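Beneath this line is the structure, given in structure tokens, with notes to follow.
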Amino acid sequence: MKRFKFDVIGISEVHWAGKGETPSGDFIWPGEDTTHTRGVGMLLSAKAKKTLIGYNPISSRVITARFNATPFKLTVIHVYAPTSASSDDEIEIFYDSIEQALTPTPQKDIIIVTGDWNAKIGSDNTHWESVMGRYGYGDRNERGDRLLEFAALHNLYICNTRFQQTANRKWTWASPDGVHKNMIDLVLIQKRWKSPVTNCRTFQSADISSGHSLVLCNIKLRLKRRCTSRNSFTDLMLQDIRAMEQSKEGVKQRWTQYCSGLYKDEGGGDEMVKELEGIFPSYEEDPQDILYSEVEEAIRTLKSNKIPGSDGITAEMIQAGGEQLTHEIHSLCNKAWHEGVIPESYGVENKVITLLKHIYEKAQSAVRVEKETGEWFQTSVGSRQGYPLSPLLFITYLERVMDKAMQINRGINISGTLVNNLRFADDIDVLEEDCDSLHQQIEQLRVAAEEAGLLMNTKKTKTLVFGDRNIEKHVQIAGNIIENVEQFEYLGSLLTWDNNCSDEIKRRIGKSIGAMAALK
Numbered sequence: 001m002k003r004f005k006f007d008v009i010g011i012s013e014v015h016w017a018g019k020g021e022t023p024s025g026d027f028i029w030p031g032e033d034t035t036h037t038r039g040v041g042m043l044l045s046a047k048a049k050k051t052l053i054g055y056n057p058i059s060s061r062v063i064t065a066r067f068n069a070t071p072f073k074l075t076v077i078h079v080y081a082p083t084s085a086s087s088d089d090e091i092e093i094f095y096d097s098i099e100q101a102l103t104p105t106p107q108k109d110i111i112i113v114t115g116d117w118n119a120k121i122g123s124d125n126t127h128w129e130s131v132m133g134r135y136g137y138g139d140r141n142e143r144g145d146r147l148l149e150f151a152a153l154h155n156l157y158i159c160n161t162r163f164q165q166t167a168n169r170k171w172t173w174a175s176p177d178g179v180h181k182n183m184i185d186l187v188l189i190q191k192r193w194k195s196p197v198t199n200c201r202t203f204q205s206a207d208i209s210s211g212h213s214l215v216l217c218n219i220k221l222r223l224k225r226r227c228t229s230r231n232s233f234t235d236l237m238l239q240d241i242r243a244m245e246q247s248k249e250g251v252k253q254r255w256t257q258y259c260s261g262l263y264k265d266e267g268g269g270d271e272m273v274k275e276l277e278g279i280f281p282s283y284e285e286d287p288q289d290i291l292y293s294e295v296e297e298a299i300r301t302l303k304s305n306k307i308p309g310s311d312g313i314t315a316e317m318i319q320a321g322g323e324q325l326t327h328e329i330h331s332l333c334n335k336a337w338h339e340g341v342i343p344e345s346y347g348v349e350n351k352v353i354t355l356l357k358h359i360y361e362k363a364q365s366a367v368r369v370e371k372e373t374g375e376w377f378q379t380s381v382g383s384r385q386g387y388p389l390s391p392l393l394f395i396t397y398l399e400r401v402m403d404k405a406m407q408i409n410r411g412i413n414i415s416g417t418l419v420n421n422l423r424f425a426d427d428i429d430v431l432e433e434d435c436d437s438l439h440q441q442i443e444q445l446r447v448a449a450e451e452a453g454l455l456m457n458t459k460k461t462k463t464l465v466f467g468d469r470n471i472e473k474h475v476q477i478a479g480n481i482i483e484n485v486e487q488f489e490y491l492g493s494l495l496t497w498d499n500n501c502s503d504e505i506k507r508r509i510g511k512s513i514g515a516m517a518a519l520k
């Protein structure tokens, strides 16, 4: 400890009976009551002893200690997990004991969990990016999956995987013959505190008379200097508030300027609009009144948990208005329909196609920073997000593009039907039997899209070859080579070259654990 200058070191497999601390107070431990098996402990520096608030020997595999630190108190939990030969019941009892240690810990405490986990998490962090970095070691086993689930559930991050190290600074255990090496001694910290972690590595040079190596983790907390007087504190606060106000105003102005340019019409799509105009029949007589049931259905299907507009009225408020509000909305809609005039707040005049045209001619947007709204500006390009009809109009527009681009007699034969594309809004999946046909179809789609004023995002476009066919060709779009991948996430599902669902199942488990953790 003196050589490496560390304050708290957790030790596994202590094999001391009973529980307690040494007379000098520099070592605390829990063990079996009668047998010299298992056991964990913590070795404390003189500085750590002075700041020790208390410790709790949960079991012979788990001990927790709390230290007085700044800006928050520090809780260190050291564990010794059952080996891979242990039963699943033993593993669950072990994790239950860690839960028992975590539950009473104050929310503001900095929590660090260290120990011999006897679990291999491997080096692949795909779908587990929130709990581990890219610099793991070896392959993952079933116990490793269980550890990752535990870390995700408690918002913990594995520090060993955060920093790029040579192999001998990663593995923490070696078999007696030196053939097998694994990284199983891990340091976990709350995700919000991973930034102060400056290093975490193995020290093979430390002689600890064990098949395990010493793992040390550096955590640097930067403390703010305290103000010397009330007046200076007040002055600094006023300066910060003024700076924040100026910054907020600057943010609103900058985003307003950027968005105004982004949504400025630069032409394109005129021919497509003329074609679409010819699709819809012209009515000599006005259609019938808007039905009360149509208004009811429209209100019922409003999406909840959406940010309201500048009027502050949410979908939930409209739905809670009941029959009386529905009657008012129904009357207002029919009045606008018969008179051909929409309330000024709608920003339009006239009806049917003309109504739609005027709605989008007068479309405006604004940048909101917290609860303050910036200056309104005209939007003359894009799908005008926030307008209820925008999704339907965009789908109609894109449908015309696809009809022009895709060839009916091409695609994949599925039960006697040729399928050449799958679509959800602008997420398009083009299907073909060979690379040349795929390239031809995508190029036709690109040209048709550009004629309609749409651009294909080549950075997000990937190709995926199903089966074990080795295809050396690469599809090019407008001179850009499209990356060929072995797996791709489409509409929330993971597609793989071999149609294997294992990674998809693991990904969904990880997401569900993350969702559960967010509900805590």
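Anchor point for the sequence shown: position 465 equals 465 in full-length UniProt numbering, and the numbering is continuous, going up by one each time. Note that CB positions come from ideal geometry on N, CA and C, so glycine has one too. As the structure is a computational prediction, the values presented were derived from the model and not from experiment.
Residues of its chain near G467, where Cβ-Cβ distance is below 8 angstroms and the 5 sequence neighbours each way are ignored: As a position in the sequence shown, residue 467 is number 467, starting the count at 1. Counting only Cβ-Cβ distances below 8 angstroms, and skipping sequence neighbours, we find W497 and D498.
Spatial distance of Q319 from I313 (CA atoms): As a position in the sequence shown, residue 319 is number 319, starting the count at 1. As a position in the sequence shown, residue 313 is number 313, starting the count at 1. Near 11 angstroms, if we compare the C-alpha coordinates of I313 and Q319.
Length of the line joining the Cα atoms of F424 and R508: Residue numbering aside, residue 424 sits at position 424 when the sequence shown is read from its first letter. Residue numbering aside, residue 508 sits at position 508 when the sequence shown is read from its first letter. Roughly 21 angstroms between the two C-alpha positions.
As assigned by DSSP and simplified to three states, the class of W337: Taking the first residue of the sequence shown as position 1, residue 337 is located at position 337. Correct three-state label for W337: helix.
N125 at chain C interface by Cβ criterion, 9 angstroms: This model lacks chain C altogether; it includes just one protein chain.
A449 versus I395 - alpha carbon distance: Against the sequence shown, residue 449 aligns to sequence position 449. Against the sequence shown, residue 395 aligns to sequence position 395. Cα-Cα distance, rounded: 13 angstroms.
Outcome for S195 when other beta-carbon atoms lying within 10 angstroms are tallied against a minimum of 16: Numbered from its first residue, the sequence shown carries residue 195 at position 195. Exposed is the call here.
Collapsed DSSP secondary structure at L223 in the structure displayed: On the sequence shown, residue 223 is found 223 positions in, with the first residue counted as 1. With a pLDDT of 38 at L223, under the threshold of 50, the modelled position of that residue is not reliable, and no figure is offered here.
Beta-carbon spacing of P30, I9 below 9 angstroms: Sequence index remark: in the sequence shown, residue 30 carries index 30 (1-based). Sequence index remark: in the sequence shown, residue 9 carries index 9 (1-based). No, these two residues do not count as a Cβ contact at 9 angstroms.
Given L52 as reference, the closest of G41, R146 and L74 once Cα atoms are compared: Working through the sequence shown from its first residue, we reach residue 52 at position 52. That would be L74, whose Cα lies nearest to the Cα of L52.
Pairwise C-alpha distance: S304 and E433: Within the sequence shown, numbered from 1, the residue matching residue 433 stands at position 433. Within the sequence shown, numbered from 1, the residue matching residue 304 stands at position 304. E433 and S304: Cα-Cα distance of roughly 42 angstroms.
E486 versus I412 - alpha carbon distance: Position 486 of the sequence shown, counting from 1, holds the residue named residue 486. Position 412 of the sequence shown, counting from 1, holds the residue named residue 412. Those two C-alpha atoms are separated by around 19 angstroms.
Whole-angstrom C-beta distance between A167 and D144, which should lie under 8 angstroms: By 1-based counting over the sequence shown, the position of residue 144 is 144. By 1-based counting over the sequence shown, the position of residue 167 is 167. The identity of residue 144 in the sequence shown is Gly, whereas the question assumes Asp. Not a contact, Cβ separation roughly 18 angstroms.
Contact check, L494 vs E504, beta carbons under 9 angstroms: As a first step, residue 494 must be located in the sequence shown, where it is residue number 494. As a first step, residue 504 must be located in the sequence shown, where it is residue number 504. Contact: yes.
For A515, the first and last residue of its enclosing alpha helix (DSSP H): Counting from one through the sequence shown, the residue named residue 515 turns up at place 515. Here the alpha helix (DSSP H) through A515 covers S502 to A518.
Buried or exposed by the 16-neighbour rule on C-beta atoms within 10 Å, applied to S512: By one-based count along the sequence shown, residue 512 stands at place 512. Exposed: under 16 other Cβ atoms inside 10 Å.
Buried/exposed call for T202, threshold 16 Cβ in 10 Å: As a position in the sequence shown, residue 202 is number 202, starting the count at 1. By the 10 Å Cβ count, T202 comes out buried.
Classification of H127 by the beta-carbon crowding that lies within 10 angstroms, buried from 16 upward: Walking along the sequence shown from the start, residue 127 turns up at place 127. Result: buried.
For S59, the nearest candidate out of A46, N68, A48 and I77 (CA to CA): On the sequence shown, residue 59 is found 59 positions in, with the first residue counted as 1. Out of A46, N68, A48 and I77, I77 has the C-alpha closest to the C-alpha of S59.
Rounded separation between G374 and R469 - CA only: Position 374 of the sequence shown, counted from the first residue, corresponds to residue 374. Position 469 of the sequence shown, counted from the first residue, corresponds to residue 469. Cα to Cα, G374 sits roughly 55 angstroms from R469.
Nearest-angstrom Cα separation, counted from R146 out to K181: One-based indexing of the sequence shown puts residue 181 at position 181. One-based indexing of the sequence shown puts residue 146 at position 146. Using only the alpha carbons, I get a separation of about 20 angstroms.
Run of the alpha helix (DSSP H) containing G144, from where it starts to where it stops: Locating residue 144 in the sequence shown gives position 144, where the first residue counts as 1. Start and end: E142 to L153.
Segment limits, beta strand (DSSP E) that includes I412: Residue mapping note: residue 412 aligns to position 412 of the sequence shown, counting from 1. Taken as a continuous stretch (DSSP letters only), the beta strand (DSSP E) holding I412 covers I412 to I414.
Option nearest H212 by Cα separation, candidates R169, L188 and V197: Along the sequence shown, read from residue 1 onward, the residue named residue 212 stands at position 212. Cα-wise, what sits closest to H212 is R169.
Length of the line joining the Cα atoms of H338 and I299: Here residue 338 corresponds to residue number 338 of the sequence shown, with the count starting at 1. Here residue 299 corresponds to residue number 299 of the sequence shown, with the count starting at 1. If I take the Cα positions, the gap works out to 21 angstroms.
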